[in-house]
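What follows is a single structure, written as structure tokens, with notes after it.
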Amino acid sequence: MVELRSILIKFVDSGWDLISIPSQGYLDGVVSEETLLEAVKQADKECGSCGCELDPLYKRCMVLLEEN
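Residues in the sequence shown are numbered from 169 upward in steps of one, following my numbering.
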């Protein structure tokens, strides 16, 4: 899951606690896939259409997590 890891690193680098903390936790193996998915859904809801580079990544991340 190279693509998922790449997306999560961008989320961590964003510095936005809503998405960076659960993303780092998932990468560290201490946050469940379900918890991460909920955080990504919330981030998409709050900021998924603001026009930033993360907008399409929320949606792609959700697809990758749901396929997993």
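A virtual CB, placed ideally from N, CA and C, is assigned to each residue, including glycine.
Collapsing the DSSP output to three states places S174 in a helix. Under the three-state reduction of DSSP, S217 is assigned to coil, being neither helix nor strand. The beta carbons of L204 and S188 sit no closer together than 8 Å. Straight-line measurement puts the Cα of K213 at about 14 Å from the Cα of R228. With fewer than 16 other beta carbons inside 10 angstroms of its own, V198 counts as exposed.
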